[in-house]
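Sequences listed follow chains A and B, in order. If you read the first sequence in the numbering used here, its first letter stands for residue 868, the second for the next number, and so on. If you read the second sequence in the numbering used here, its first letter stands for residue 304, the second for the next number, and so on. For glycine and all other residues, C-beta sits at the position ideal for the given N, C-alpha and C. Every value quoted in this text rests on a predicted model; they were computed, and no experiment measured them.
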Amino acid sequence: EDKVVQSPLSLVVHEGDTVTLNCSYEVTNFRSLLWYKQEKKAPTFLFMLTSSGIEKKSGRLSSILDKKELFSILNITATQTGDSAIYLCAVVRGNQGGKLIFGQGTELSVKP
Amino acid sequence: DGGITQSPKYLFRKEGQNVTLSCEQNLNHDAMYWYRQDPGQGLRLIYYSQIVNDFQKGDIAEGYSVSREKKESFPLTVTSAQKNPTAFYLCASSRGTGELFFGEGSRLTVL
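Pasting the structure below:
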């Protein structure tokens, strides 16, 4: 059965800390992996990763994919209280019309 | 501005009643999806549609129904057969690249 597992499920840090969120997957016909940030309601897109070893960056956030070991990490440096959110990892399966499988999410809380 | 609109944002229902959640998009996307979100379980796919007048069951379709009569609209009906309908429901659309664009969600509470 296809599955996506995120860890940790929750995390509390202080402003300025660096955090690493993990996403591992076992999915047939992998096409790409996506990261989303969900603050209150609608998840917002962060990154799409399709190739191994190529880091994607956006400000203090970065992400990388390892297709051999079947995982991805999302790094956030110099965390701010505005980074508090649920971070969702999802995998796109190529043979099922682009359906996504989501992990459980990591709830990040950044304290002042 | 282009986007996805879900309504209502909050909905209360008595047991045994059917309710319909609305989802409209003006992004001209072919594919639309309905997800259910429960605490600690991430997002689970209910139904999806890749083209008008066609839709497929997702992982947890029992107790739900959908229609796709127009490209812009993909309403979800939560029927009385759904045993645990209290949840946060998210509608999304995609242009086929895999990236989903989400609506603001509808929170359904069964009293």
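Looking at the strands, I want to know which residues DSSP matches up with residue i.
i      : result
A/Q873 : A/C890
B/S396 : B/M335, B/F404
B/N321 : Answer is none; B/N321 lacks a bridge partner.
A/F969 : A/A957
B/L330 : DSSP lists no partner for B/L330.
A/E974 : A/S877, A/I953
B/F391 : B/Q340, B/R410
What does residue i touch in chain B if you count any residue whose Cβ is under 7 Å from its own?
i      : result
A/K908 : E407, G408
A/G972 : G345
A/F969 : G345, L346
Distance check for residue j and residue i, CA to CA, integer angstroms please.
i      : j      : result
B/G401 : B/R371 : 20 Å
A/P979 : A/E922 : 29 Å
B/L393 : B/Y338 : 5 Å
A/E893 : B/T412 : 33 Å
B/G343 : B/F404 : 22 Å
A/E882 : A/L913 : 21 Å
B/F391 : A/K924 : 30 Å
B/Y313 : B/E407 : 11 Å
A/V977 : A/Y954 : 13 Å
A/E936 : A/V872 : 13 Å
B/N356 : A/L932 : 37 Å
A/A909 : B/Q340 : 11 Å
Give the interface partners of residue i over in chain A, defined as CB-CB distance under 8 Å, in chain order.
i      : result
B/E402 : L901, F912, M915
Within a Cβ cutoff of 6 Å, which residues of the same chain sit near residue i, ignoring the five residues on either side of it in sequence?
i      : result
A/T944 : T885, R927
B/G366 : T382, A384, Q385
Going by CA-CA distance only, name the one from the options that's closest to residue i.
i      : options                        : result
B/S396 : B/K317, B/P311, B/P388, B/L330 : B/L330
A/W902 : B/D341, B/L346, B/D333         : B/L346
B/S409 : B/L379, B/Y351, B/D357         : B/L379
B/A334 : B/Q385, B/D362, B/I307, B/K386 : B/I307
A/S951 : A/L941, A/K934, A/E974         : A/E974
A/I940 : A/S919, A/F897, A/T895, A/T946 : A/S919
B/L324 : B/H332, B/G305, B/I349, B/D341 : B/I349
B/Q309 : B/T389, B/G399, B/E375         : B/E375
Find the residues of chain A that neighbour residue i, judging by a C-beta separation of less than 9 Å, and give them in chain order.
i      : result
B/L324 : By Cβ distance, chain A contributes nothing, its closest Cβ being about 14 Å from B/L324, past 9 Å.
Give the interface partners of residue i over in chain B, defined as CB-CB distance under 9 Å, in chain order.
i      : result
A/V894 : Per Cβ cutoff of 9 Å: no residues; A/V894 is ~13 Å from chain B at best.
A/L955 : G345, L346
Whose C-beta lies closer than 8 Å to the C-beta of residue i among residues of the same chain, with five residues either side of it excluded?
i      : result
B/E318 : S383, V413, L414
A/I968 : D869, K870, V871, Y892, V894, A957, V958, R960
Strictly below 8 Å CB to CB, what residues from chain B border residue i?
i      : result
A/V880 : Simply none; closest approach about 20 Å.
A/V959 : G401
Please work out which residues of its chain come closer than 7 Å, Cβ to Cβ, to residue i, disregarding the five sequence neighbours upstream and downstream, and give them in chain order.
i      : result
B/K255 : The requested residue 255 of chain B does not occur in the structure, where chain B is confined to residues 304 to 414.
B/Q420 : Any answer about residue 420 of chain B is impossible in this case: the structure gives chain B only from 304 up to 414.
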